[in-house]
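In what follows, a single structure is set out as structure tokens and then discussed.
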Amino acid sequence: MTQEERHEITLVVNGVARQARVPARRLLSDALRHDLGLTGTHVGCEHGVCGCCTVLLDGEPVRSCLTFAVTVDGRELTTVEGLAGPGGMSPVQRAFAECHGLQCGFCTPGFLCTVTAFLRDNPSPTDDDVIEGISGNLCRCTGYQNIVKAVHRAAELMAEESE
Amino acid sequence: MTTRLFGEKVQRLEDPRLLTGQGRYLDDLGHDAVAVAFVRSPHAHARIRDIDVSAALDAEGLISIYTWEDLPGRLAQPLPLLIPHPALTHGRTAYPLAKETVRHVGEPVVMVVAEDRYLAEDVCDLIRVDYELLKPVVGIEEAAQGAQLVHDDVPGNLGAHFVQEVPAADGRGAREAIEQAAHTLAFRLDIERSASMPLEGRGVYARWDGTDLRVYSSTQTSTSVRMAIAAKLDLPLPNVEVIAPDVGGGFGVKIVHPWPEEILVPWAAMTLGREVKWTEDRREHFVSSAHERGQVHFVRVGFDDDGRVEGLEVTILHDHGAYTPYGIIVPIITSTQLLGPYKLGSYRVEFSSIYTNTVQVTPYRGAGRPQGVFCMERTMDKIAQYLGADRTAVRERNFIQPADFPYDQGMVFQDGRPLIYDSGDYPEMLRMLKELIGWDSFERRPGVGIGIGCYVEGTGVGPYEGGHVQITSDGRVHVSTGLTSQGQGHETVFAQIAATELGVPIERVSVVTGDTRRFGYAVGTFASRAAVMSGNAIALACRKVREKALRIAADALEASADDLEITEGVVHVKGAPGAAVPLATVAVLANPLRYAFDEEAKRATQFAGTASPDLPPVAEGEEPGLEGRDYYSPVRSTFASGMHAAIVAVDPDTAEVEILRYAVVHDCGRLINPMIVEGQIHGGVAQGVGGALYERMVYDAHGQLLNASFMDFLMPYATEVPRVETAHLETPSPLNPLGIKGAGEAGVIPVSAVIAGAIEDAEGIAIDRMPISPSELFHLRG
Amino acid sequence: MKPPPFTYHAPLDLGSALDALAGAGARGKVLAGGQSLIPLMNMRLASPSHVIDINRVPGLDTIEDERGGVRVGALARHSRVERSGPAPLRRALKLVAHPVIRNRGTVVGSLVHADPAAELPAVLAVLGGSVRLASLGGVRDVAAADFFVGPLESDLRAGELAVSAFFPGLPPRSGFAIHELARRHGDYALAGVCAVVTLGDDGRIAAARAACIGVAATPQLVELEGGTPAELARAVQERTDPEGDIHASAAYRRHLVGVLAERAFTDAAREAAQ
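Chains as they are written, first to last, in full-length UniProt numbering: chain G, 1 to 163; chain B, 1 to 782; chain W, 1 to 274.
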């Protein structure tokens with residue numbers, strides 16, 4: 001029996017440098033969830049379609065199930081656990097609650113990460129922009145209508161709070 | 001009772017947890033558990049000649065390998081047939097691990113336990129199973145011919161055959177009524193296979209401490225999984241606890257129990273003395289978790305010059321896949337709920353439930369109703385077209401009228417009870433829908449069409465649910481019910497009910513569902529039953545607790561209980577706010593054991609009075625504590641209803657269908673939380689759009705599922721789902737204390753009928769098979 | 001759905017990358033964006049023994065003007081090219097999967113993956129571009145027409161790394177358009193057409209090229225003389241012979257090619273006239 005080689009990596013997750021010892025094939029989604037215990041990032045398909053596992057890599061949303069943890073050694077990651085600030089939930093999180101933008105909540109972390117980056121780049125989006133922005137994330141519960149509403153509401157909250 | 005919370009758009013109590021990554025889904029638990037993976041059959045039909053594990057024995061991380069031969073006692077028996085029916089003469093269920101024969105691609109053959117899932121999959125790759133291939137049976141009609149058999153001892157592949165008939169008032173049978181009608185039509189309608197497809201697959205995590213077994217399962221029924229595990233593993237029921245943690249969607253597929261993994265994983269945990277976890281991956285979900293919807297329908301209808309249906313005959317071929325663990329619920333629902341809001345002159349329905357070498361079929365949201373509604377609504381459209389009448393006018397002429405309730409359809413429903421509609425107002429609902437979509441002002445233009453679909457949905461089927469409510473000495477209200485949650489917002493709506501019934505702020509109410517440690521008796525979450533069943537049970541339990549609280553408070557305040565009310569968690573004399581005692585104090589008073597653990601207990605002594613030395617501290621008929629338990633068990637289901645309309649545009653060149661508008665009028669009785677009900681409708685419609693235009697399970701002639709990935713099973717994204725416009729009608733149910741009806745499945749039910757009608761209207765081509773792709777529509781154009 | 005084990009190489013310069021690739025031979029795979037490779041590995045449809053992760057190799061994330069066009073480096077992500085690449089690529093990239101995938105996926109990776117239903121190989125083909133392949137033995141440029149060999153098969157040989165792709169600019173009085181039809185937004189297209197037209201002095205289409213997506217084993221290139229968009233579309237359609245699958249029949253695909261080609265030629269001609 002040969003032992004699979006392990007690699008020492010450091011992931012800076014939600015501002016904290018975390019070490020892990022992983023095989024090269026460890027998916028970033030599994031490294032976050034099982035090696036670092038950050039189970040807020042979910043796994044829905046493991047072939048890059050559903051978007052549940054979306055996290056921010058140096059601020060940009062990426063599929064953590066289509067990324068090897070070793071590839072992002074040393075990089076900065078933000079997961080759903082890192083979206084809230086010291087003052088509580090982020091505008092995006094609050095807007096999802098206010099607009100009933102989630103039901104079972106399984107796809108929600110992926111949406112929250114996607115939308116957080118989307119609104120940073122498009123602070124006052126049109127309806128079409130929003131739909132395009134979330135078009136890579138599947139939700140089986142909500143029919144998306146309240147998610148779209150939540151994105152607009154989050155944009156409003158962010159605008160109000162930056163005044 | 002204050003109505004401040006019941007009926008309000010209260011924000012969900014579960015959201016802060018789910019929005020911050022603090023939800024606890026199955027795979028978030030059991031960090032140190034070892035992992036299970038399965039070798040699943042790559043063939044649709046084969047005999048297992050040999051299983052060779054020798055190449056795997058040296059693999060890194062291997063803990064154990066199990067085949068059917070390793071299974072002890074009842075675990076080696078076929079899985080239970082949960083819902084027998086006299087018509088299901090040839091029910092068959094699978095073994096937890098295949099014994100001798102595999103009957104669909106994906107059937108589990110070998111269970112591997114390894115240190116982690118990666119290593120477990122490596123081991124699976126090293127196990128060699130030698131199969132003798134048998135001819136697969138694929139396709140309902142091919143299977144019905146019975147040339148090849150799925151089960152050697154089931155001739156004609158016929159699992160069940162069932163006929164129900166409601167004769168005309170004058171005693172004529174439906175066939176006779178059709179023959180003698182002024183007009184008759186006959187046609188065939190098809191609905192293809194689809195699946196629930198929650199974004200979280202199934203999963204099981206088990207811990208054994210030598211005496212007690214604790215199992216977490218991503219299930220829609222923890223209480224029944226518990227009973228199944230106790231029975232299969234021969235354990236005393238009190239030594240088994242099953243908990244449904246946060247569940248990432250169910251939509252029906254997780255009501256089946258026990259899934260093989262739900263008994264195999266606990267057994268492995270006991271055998272190995274280790275925590276064991278299995279998390280289903282997406283590919284497994286496609287080929288091992290249940291599908292639904294696939295049915296062929298042959299319809300004959302006779303009607304008069306006004307379009308009144310004098311007789312309807314429907315013959316159904318139902319594809320139930322390789323096994324029938326859930327009985328024949330789906331075709332029974334199709335055949336009964338097909339009737340919708342209509343009173344027909346006479347009706348005959350016959351179904352044959354057929355085995356095929358495909359994944360087993362059990363309910364998916366709507367559970368046979370989308371197919372039934374597709375039949376009835378296509379029939380109404382065809383009658384209207386034949387007569388040159390407005391499609392809504394024909395429907396209206398066949399409606400059950402408000403004065404007709406309760407209306408007995410003369411059939412037996414899925415719960416074995418008479419199919420009697422309790423309440424509704426279908427003419428008013430149609431009026432509202434026509435106004436909402438602008439039916440009468442719809443402007444006809446090329447490539448654009450409008451469609452409508454009506455349905456009635458039996459919701460809140462029995463036999464029962466229970467609720468337990470406890471007020472503790474800190475004034476908090478702890479509610480528990482046995483059924484489970486998969487995103488419906490039960491923590492919120494049940495808290496709304498409890499807060500309203502008890503007169504406490506909702507922040508003080510917490511709700512636990514699906515945890516057998518808290519509540520042992522339950523049925524489960526399916527059939528749009530949770531709000532009706534547990535909602536009413538919790539209300540009844542709250543009323544017991546309230547009565548006790550008022551009795552104790554009356555004693556303490558030296559007032560009559562009739563003069564008391566509870567607001568903001570304080571019991572007080574009506575009109576005399578000074579004479580008051582908080583529920584927290586009442587909770588202390590309810591327990592004669594009063595160690596002063598907290599300030600509340602100390603304070604309560606001022607109300608305690610002097611106990612009589614001649615009476616027991618707990619009076620006869622009393623119990624310590626401020627808590628209550630009650631059950632709600634309805635005589636029969638309550639019937640929600642709805643009507644949808646859509647306007648679609650069809651591209652003249654590419655045959656792409658775009659939904660321009662989608663309108664819903666919905667009646668689920670009294671609304672507990674309109675925000676949550678609307679969310680249920682939105683989600684249901686989105687799944688309906690998937691079923692109408694995108695989603696299908698494509699099997700080839702070898703029984704291989706060709707589209708077992710999210711790349712090719714086309715669940716709609718935000719870009720494919722229309723905005724849904726909603727309006728609500730509220731006809732309270734007379735059957736239950738809260739006057740509510742179920743809402744969970746409603747949105748999905750009529751969508752295929754509506755979209756088919758709208759495409760037909762736009763194109764002038766009969767649409768008799770759903771889902772429909774641009775490619776198929778292109779070919780229909782000829 | 002966990003990938004099989006492999007030996008991981010994370011070279012810090014091109015030379016080490018090529019060394020590693022040479023050592024791995026046919027059992028090696030290059031990892032750039034991973035958006036095509038990793039799904040295949042998760043499904044265990046690909047099991048490379050060696051993965052050469054080029055993400056740390058400097059100098060590959062370039063988008064540079066070069067005489068007559070733009071050269072896109074192996075680590076230029078779709079999202080960056082979508083913002084600052086040449087116009088045809090920018091437009092095509094909007095149709096490639098979803099924004100989150102485009103944040104990671106690379107243009108060159110998509111070309112090497114050589115999926116006949118993908119947009120970028122067709123863009124490279126219609127523009128007459130090329131792919132630059134490096135190995136220890138040297139560097140070679142392969143024209144699009146020779147690069148795409150079959151479905152998921154390119155001319156890339158064992159030990160070679162696709163270091164960049166060259167997308168030529170359009171000639172004067174020329175326009176580009178891409179039209180496709182996908183079942184869902186962002187899905188691989190059922191069929192698609194990339195078109196380039198050049199107008200004559202009379203303002204009519206004097207020359208036209210189309211590369212068809214999803215209708216043949218490789219991006220199917222059709223070169224035509226002048227004509228109206230409808231005539232050109234018919235000519236393209238006549239030369240395609242697509243296959244059917246679970247999403248669309250062969251006849252429907254062929255019909256779509258005609259519809260989409262006409263739309264693409266019309267739009268390209270409009271752009272050329274501007």
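All C-beta atoms in this analysis are idealised placements derived from N, C-alpha and C, irrespective of residue type, glycine included. Remember, it's a predicted structure, so these values are computed and weren't measured experimentally.
Residues that DSSP places opposite residue i in a beta bridge
{"i": "Q220 of chain W", "result": "W:C212"}
{"i": "R77 of chain W", "result": "W:T106"}
{"i": "R397 of chain B", "result": "For R397 of chain B, which the question treats as bridged, DSSP gives no partner whatsoever."}
{"i": "residue 309 of chain W", "result": "Coverage of chain W is limited to positions 1 through 274, which leaves residue 309 of chain W absent and any answer about it impossible."}
{"i": "A37 of chain B", "result": "B:V112"}
{"i": "G69 of chain W", "result": "W:E66 and W:P168"}
{"i": "A97 of chain W", "result": "Paired residue(s): none; A97 of chain W is not in a bridge."}
{"i": "G203 of chain B", "result": "B:T279"}
{"i": "H247 of chain W", "result": "Per DSSP, none; premise fails for H247 of chain W."}
{"i": "M770 of chain B", "result": "B:I191"}
Enclosing alpha helix (DSSP H) for residue i [first to last residue]
{"i": "Q387 of chain B", "result": "Per the sequence presented here, residue 387 of chain B reads as Leu, with Gln not at that position. First-last of the alpha helix (DSSP H) with L387 of chain B: R369 to L387."}
{"i": "T108 of chain G", "result": "T108 to D121"}
{"i": "T500 of chain B", "result": "H490 to L502"}
{"i": "G159 of chain B", "result": "First-last for G159 of chain B: L158 to V166, but that is the beta strand (DSSP E), not the alpha helix (DSSP H)."}
{"i": "F265 of chain W", "result": "A250 to A273"}
{"i": "G661 of chain B", "result": "The residue asked about is misnamed: residue 661 of chain B is Arg in this sequence, not Gly. Here R661 of chain B belongs to no alpha helix (DSSP H); instead the beta strand (DSSP E) covers V657 to D667."}
{"i": "G451 of chain B", "result": "Note, G451 of chain B: premise wrong, no alpha helix (DSSP H); beta strand (DSSP E) at V448 to T459."}
{"i": "Q180 of chain B", "result": "A174 to Q180"}
{"i": "P61 of chain G", "result": "No alpha helix (DSSP H) holds P61 of chain G; the beta strand (DSSP E) holding it covers E60 to R63."}
{"i": "S218 of chain B", "result": "That residue, S218 of chain B, is in no alpha helix (DSSP H); it is neither H nor E in DSSP."}
{"i": "R234 of chain W", "result": "P229 to R239"}
{"i": "F96 of chain G", "result": "P91 to E98"}
Continuous beta strand (DSSP E) stretch holding residue i: start and end
{"i": "P774 of chain B", "result": "Element bounds for P774 of chain B: not the beta strand (DSSP E) but the alpha helix (DSSP H), P774 to R781."}
{"i": "W278 of chain B", "result": "V276 to T279"}
{"i": "Y95 of chain B", "result": "Unbroken run through Y95 of chain B: none, as it is neither H nor E."}
{"i": "G410 of chain B", "result": "Y407 to V412"}
{"i": "D319 of chain B", "result": "V309 to D319"}
{"i": "G642 of chain B", "result": "T638 to V650"}
Supposed close pair residue i, residue j - CB separation, criterion 8 Å
{"i": "I101 of chain W", "j": "G101 of chain G", "result": "With 8 Å as the limit, I101 of chain W and G101 of chain G do not qualify as a contact, their Cβ atoms being about 22 Å apart."}
{"i": "V512 of chain B", "j": "A495 of chain B", "result": "Contact doesn't hold; Cβ gap of about 11 Å is too wide."}
{"i": "A191 of chain W", "j": "I213 of chain W", "result": "6 Å"}
{"i": "G80 of chain G", "j": "C113 of chain G", "result": "Contrary to the premise, residue 80 of chain G reads as Val rather than Gly in this sequence. The Cβ separation is near 6 Å, so the contact holds."}
{"i": "H285 of chain B", "j": "I316 of chain B", "result": "Not confirmed; about 27 Å, so no contact."}
Secondary structure, alpha helix (DSSP H): runs of 4+ residues fully inside the segment 143-223 of chain W: Complete alpha helix (DSSP H) runs here, min 4: 144-147.
Which parts of the segment 108-146 of chain W are runs of the alpha helix (DSSP H), unbroken and 4 residues or longer, counting only runs that do not cross its ends? 119-127
Inspect the CB distances between the segment 155-166 of chain B and the segment 217-228 of chain B and report whether three or more fall short of 8 Å. no
Measuring CB atoms only, is the segment 739-752 of chain B touching the segment 446-462 of chain B, in the sense that at least three cross pairs come out at less than 8 Å? yes
Extract the residue ranges of the beta strand (DSSP E) inside the segment 684-753 of chain B, only unbroken runs of 3 or more that lie entirely within it. 724-728
Does the pairing of the segment 30-48 of chain W with the segment 58-70 of chain G give three or more beta-carbon distances under 8 Å? yes
Whether or not the segment 233-250 of chain B and the segment 209-220 of chain B are in contact is what I'm after, with contact meaning three or more pairs of Cβ atoms, one per stretch, closer than 8 Å; do they touch? By the C-beta criterion, the segment 209-220 of chain B is judged to be in contact with the segment 233-250 of chain B, since at least 3 inter-stretch pairs fall below 8 Å.
Going along the chain, which unbroken runs of the beta strand (DSSP E) with 3 or more residues stay wholly within the segment 558-635 of chain B? 564-567, 570-573, 576-582 and 626-632
Quick check: the segment 571-578 of chain B against the segment 647-655 of chain B, are at least 3 beta-carbon pairs closer than 8 Å? no
Would you check if there are 3 or more beta carbon pairs closer than 8 Å linking the segment 727-744 of chain B to the segment 343-356 of chain B? The segment 727-744 of chain B vs the segment 343-356 of chain B: no contact.
Cβ contact (3+ pairs, closer than 8 Å) linking the segment 262-277 of chain B and the segment 59-78 of chain B: yes
I want to know whether the segment 79-89 of chain W touches the segment 163-173 of chain W - three or more CB-CB distances under 8 Å. Judged by Cβ distances under 8 Å, the segment 79-89 of chain W makes contact with the segment 163-173 of chain W, as three or more pairs qualify.
Do three or more CB pairs link the segment 188-202 of chain B to the segment 358-376 of chain B at distances below 8 Å? yes
Check whether the segment 149-169 of chain W touches the segment 231-251 of chain W, counting contact only when three or more Cβ pairs, one atom from each stretch, lie closer than 8 Å. no
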